[in-house]
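Since the structure comes first, as structure tokens, the remarks are kept for the end.
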Amino acid sequence: MKKTRLSFSSLSKDPNPGESGSARLTVPIGKQTDREHKNVERAGDRKRPMKSSTYQYSKKRFGQGGRSRSFDAKNQYKNTSSGKNANIPPPAPGIIRVIPLGGVEEIGKNMTAIEIGEDIIVIDAGMHFSNEATPGVDYVIPNTTYLEERKDKIRALIITHGHLDHIGGVPLVLSRIGNPPVYSRNLSILMMRKRQAEFPHLPAMKENIVEKDSIITCGKIKIKFFGVTHTIPDSMGIIVETEHGWIVTPGDYKLDQVDGIVSVEEEKEYAIFDKAKVLLLMTDSTNIENEGFSLPEIKVHQGLESLIKKINGRIIIAAFASHITRLAHVVKFAESLGRKIVLDGRSMKTNIEVAIEAGLFAPKKGTIIPIEEANNYPPNKVVILMTGAQGEEFASLNRAANKTHTKFLLHKGDTIILSASIIPGNERAVEKMKDGLTRQGARIISYRTAGEDFVHATGHGNQEDVKWLHRKTHPKFFIPIHGNHYRLVLHKELAVELGMPEENVVVPDNGSIIEISPDGQKITVRKEKAPSGIMMVDGVSISDTQDVVIRDRVMLAQDGMFVIIALVDQKTGKLKKSPDLISRGFVYLKENQELLRQVRIMIKKGVEDRAIKNLTRTTDGGPVDFDYIKKDLGESISKFLYQKTEKRPLVIPVILSV
Ligand SMILES: [Zn+2]
Ligand SMILES: [Zn+2]
């Protein structure tokens with residue numbers, strides 16, 4: 105039988121309904137930014153709408169808004185806008201201020217601000233996708249409050265490269281910080297343009313294409329660039345000139361090396377540091393746990409080439425759409441063997457489109473074919489590039505695996521190459537997807553099973569790459585960025601191991617205000633912090649005050665909800681009818697009649713006792729304090745439900761007076 109959601113009134117009707125009070129209610133849940141303002145829609149003039157609040161029983165602190173543990177761990181979900189400005193004075197003359205606003209308590213949403221005198225420049229404005237701590241949220245961007253309050257000082261947003269953890273927040277961040285000019289290399293600007301097009305209501309981006317040997321001046325700050333190796337072309341490092349030396353950040357990078365021998369081109373690119381005085385280095389900590397050098401991308405290109413040559417059937421390669429260098433190489437190589445290429449998945453199509461637009465490669469007309477035409481060619485004449493190597497629910501490969509792909513069917517004899525590592529947390533999704541793929545007779549070659557033929561390499565430097573960079577740039581001070589706290593600490597240890605005094609390293613949090621003294625001799629962290637609460641983009645709203653919404657979502661997911669609707673006679677203080685009860689994701693009402701009977705008794709007694717007591721007190725006939733009654737009721741019912749079921753549903757009491 106098909107399950108349908110019952111309407112409010114049809115649920116848990118009391119077997120002996122008293123007076124029919126067909127109150128129509130709307131209790132919106134989940135979209136408010138403030139639970140105190142969830143209104144019950146007015147249901148006719150006679151009824152006084154009451155504010156609705158939620159209650160959840162918690163062991164520690166019983167009562168309203170019981171906190172779920174995941175939100176206690178750190179205050180990052182607190183509404184930080186209340187601490188606006190927090191009396192952070194402008195930097196004193198000669199001070200160099202550096203504020204990592206994102207990317208130092210996570211991998212993703214990178215953003216760093218540098219403030220010198222009257223000028224602020226911002227480096228990167230990334231995003232990260234929501235995780236189990238932010239259910240239902242589209243994505244998260246860095247907190248821009250500090251910058252919003254100093255808009256007129258911002259001279260530039262400079263982007264290191266076109267990955268989403270560096271550009272994903274650009275449109276929304278720009279609109280919040282006064283739309284300063286944006287500087288980056290060609291491909292990154294093209295990627296940003298695509299992203300900006302998704303927000304047609306926002307002002308146009310003031311784009312400036314720079315090359316790696318360009319020099320720009322932002323206010324009084326002079327900025328230079330250098331090219332770095334990463335998985336996307338046109339990645340660049342940034343050099344900010346100060347009177348005490350350079351501030352250097354390479355963005356994401358790995359070294360172009362084989363067996364530890366760094367290529368001539370790479371050596372040339374970094375030669376600018378040989379005689380330079382580097383004041384401060386800020387660099388990537390993503391792979392700080394990995395020993396040795398990172399696997400060179402060239403080995404992956406060779407591995408994929410050898411597989412494409414060897415495999416005689418149809419080949420499906422699933423990869424990160426952001427690995428443009430690799431994808432471009434595969435397209436070129438497959439074309440050279442006379443294979444047709446199919447691009448499947450939105451980001452795959454967009455990114456290849458951008459790469460072609462940027463002139464990175466130019467496939468012949470007819471090489472890239474629509475997926476519908478794949479079957480018009482023999483299997484060994486086709487290579488399909490798909491999104492979904494992480495088992496993402498709606499990505500192409502997963503649709504193929506669970507047979508919901510509308511335009512594509514797997515055949516026996518197909519080979520699937522998973523040209524990606526599994527991001528921690530996605531393991532189960534990937535396993536399930538692999539099951540689906542093999543059930544349809546496909547063979548899978550993954551990162552793990554590859555013998556000689558490498559099918560994936562990281563885009564970030566391992567320990568030896570990192571050490572090389574430290575030695576090459578020989579900075580006075582160091583701030584590890586791009587990584588969770590423990591990664592930053594490991595990176596600090598590595599720097600100290602290389603000879604840097606401990607007091608010259610700062611391990612930041614998001615919002616840490618770091619200052620280099622006017623004589624360039626000391627690095628310290630101010631006691632005030634820039635606001636760092638996460639900014640959630642949720643549907644059409646963007647806010648750092650949605651902690652309540654997210655907390656409710658987590659609770660709802662864990663223990664469901666329980667709604668109580670009681671109709672009270674304002675004159676007598678008696679219930680007009682037996683209360684309506686609604687349970688979602690908590691207990692199945694039909695099988696818990698005894699529990700419900702007890703709850704109804706509690707409600708009746710709780711409401712009537714208090715309402716009558718209250719009535720006798722209000723001699724002037726003023727309204728009964730239903731807010732108080734509701735609070736009391738919410739607390740006692742959530743406690744009772746916990747005692748009986750060991751579940752902590754979100755309890756929503758609604759009391760209507762007639
Ligand atoms: Zn990157
Ligand atoms: Zn990155």
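Here the working numbering is used: the first residue of the sequence shown is 105, the next is one more, and so on.
Glycine included, every Cβ here is placed at the ideal spot set by N, Cα and C.
These numbers come from a predicted model, not from an experiment.
Where residue i falls: helix, strand or coil (DSSP)
| i | result |
| --- | --- |
| glycine 134 | Note that glycine 134 scores a pLDDT of 35, beneath 50, so its modelled location is shaky; the value from the coordinates is reported in the next line. Coil at glycine 134, not helix or strand. |
| phenylalanine 330 | strand |
| serine 687 | strand |
| serine 500 | helix |
| proline 778 | The chain is shown only over 105 to 762; residue 778 falls outside these bounds and no answer can be derived. |
| aspartate 713 | helix |
| tyrosine 590 | helix |
| phenylalanine 233 | strand |
| glutamine 567 | helix |
| tyrosine 159 | strand |
| tyrosine 483 | This sequence places proline at residue 483; tyrosine is not what is there. The answer is helix: DSSP assigns proline 483 an H, G or I state. |
| arginine 201 | strand |
| methionine 309 | coil |
| methionine 640 | strand |
| isoleucine 325 | strand |
| serine 292 | helix |
Check: residue i C-beta below 7 Å from any heavy atom of ligand 1
| i | result |
| --- | --- |
| glycine 563 | yes |
| histidine 334 | yes |
| aspartate 363 | no |
| aspartate 356 | yes |
| histidine 560 | no |
| histidine 427 | no |
| histidine 265 | yes |
| histidine 270 | yes |
Beta strand (DSSP E) segment containing residue i, residue limits
| i | result |
| --- | --- |
| leucine 693 | Careful: leucine 693 lies outside any beta strand (DSSP E) and carries neither H nor E. |
| tyrosine 287 | 286–288 |
| methionine 665 | 665–672 |
| alanine 797 | The structure shown has nothing for residue 797, since the chain only spans 105 to 762. |
| valine 404 | Taken as a continuous stretch (DSSP letters only), valine 404 belongs to no beta strand (DSSP E), being part of the alpha helix (DSSP H) at 401–414. |
| proline 757 | 754–761 |
| alanine 423 | 419–423 |
| proline 275 | Segment 274–280 is the alpha helix (DSSP H) holding proline 275; no beta strand (DSSP E) there. |
| arginine 259 | 258–262 |
| arginine 547 | 547–550 |
| leucine 359 | Careful: leucine 359 lies outside any beta strand (DSSP E) and carries neither H nor E. |
| leucine 679 | First-last for leucine 679: undefined, no H or E at that position. |
Buried or exposed (CB count within 10 angstroms, at least 16 for buried), residue i
| i | result |
| --- | --- |
| arginine 128 | A caution first: arginine 128 carries a pLDDT of 32, below 50, which makes its placement in the model unreliable, though a value can still be read off. So arginine 128 ends up on the exposed side. |
| leucine 205 | buried |
| aspartate 448 | buried |
| phenylalanine 329 | buried |
| proline 474 | exposed |
| arginine 752 | buried |
| arginine 165 | Since pLDDT at arginine 165 reaches only 40, below the 50 mark, its modelled position is unreliable, and the value read off the structure follows with that caveat. With fewer than 16 other Cβ atoms within 10 Å, it is exposed. |
| threonine 429 | buried |
| lysine 135 | Low confidence applies here, because lysine 135 scores a pLDDT of 34, under 50, leaving its location unreliable; read the following figure in that light. Classification for lysine 135: exposed. |
| isoleucine 620 | buried |
| lysine 626 | exposed |
| serine 687 | buried |
| arginine 543 | exposed |
| phenylalanine 498 | exposed |
Whole-angstrom C-beta distance between residue j and residue i, which should lie under 8 Å
| i | j | result |
| --- | --- | --- |
| proline 337 | leucine 291 | 5 Å |
| glycine 349 | leucine 383 | 4 Å |
| tyrosine 243 | glycine 207 | The Cβ separation is near 14 Å, so there is no contact. |
| proline 193 | glutamate 219 | The pair is not a contact, with the Cβ atoms about 12 Å apart (cut-off 8 Å). |
| valine 672 | valine 711 | 6 Å |
Residue i: CB within 7 Å of a non-hydrogen atom of ligand 2
| i | result |
| --- | --- |
| histidine 586 | yes |
| asparagine 608 | no |
| aspartate 338 | no |
| alanine 569 | A quick correction: the sequence has aspartate, not alanine, at residue 569. No, the Cβ of aspartate 569 stays beyond 7 Å of every heavy atom of ligand 2. |
| asparagine 214 | yes |
Residue i: first and last residue of the uninterrupted alpha helix (DSSP H) it sits in
| i | result |
| --- | --- |
| threonine 454 | 450–461 |
| leucine 464 | Careful: leucine 464 lies outside any alpha helix (DSSP H) and carries neither H nor E. |
| lysine 511 | Lysine 511 -> no alpha helix (DSSP H), and no H or E assigned at all. |
| serine 763 | Residue 763 is absent from the structure shown; the chain starts at 105 and stops at 762. |
| threonine 749 | 730–749 |
| glutamate 632 | Careful: glutamate 632 lies outside any alpha helix (DSSP H), inside the beta strand (DSSP E) at 627–633. |
| threonine 542 | 531–543 |
| leucine 251 | 249–252 |
| valine 368 | 368–374 |
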